[in-house]
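Step one of this worksheet: look at the structure below.
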Amino acid sequence: MLDLVLSLECGGCGAPKTRWCQTCANELTPTKEQPHAVTPRVDPGVPVFALGRYAGVR
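In our numbering, the protein residues as written are 9 to 66.
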């Protein structure tokens, strides 16, 4: 039961004795070309998602 709260393996690859290994962290670090989470300056009150790069108004 304690394994549900305090995991004993990496959530990405299953490596033992770590909750999130450095290899998985490096693999999932976003780059400029990949979508990633941002925090707005003002909370819009609803979730906002973008599936591509925002390049301004068209």
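Glycine included, C-beta positions come from ideal geometry on N, C-alpha and C.
Please read these numbers as outputs of a predicted model, since none were measured by experiment.
CB contact flag (residue i, residue j, <9 angstroms)
i, j, result
"Cys32", "Gly19", "yes"
"Lys40", "Arg27", "no"
Nearest to residue i (by Cα), restricted to the options the options
i, options, result
"Ala58", "Pro24, Glu35, Gln42", "Gln42"
Whole-angstrom C-beta distance between residue j and residue i, which should lie under 8 angstroms
i, j, result
"Glu17", "Pro24", "5 angstroms"
Enclosing alpha helix (DSSP H) for residue i [first to last residue]
i, result
"Glu35", "30-36"
Cβ-based neighbour list, residue i, same chain, cut-off 6 angstroms, excluding 5 preceding and 5 following
i, result
"Gln30", "none"
Cβ-based neighbour list, residue i, same chain, cut-off 8 angstroms, excluding 5 preceding and 5 following
i, result
"Thr37", "none"
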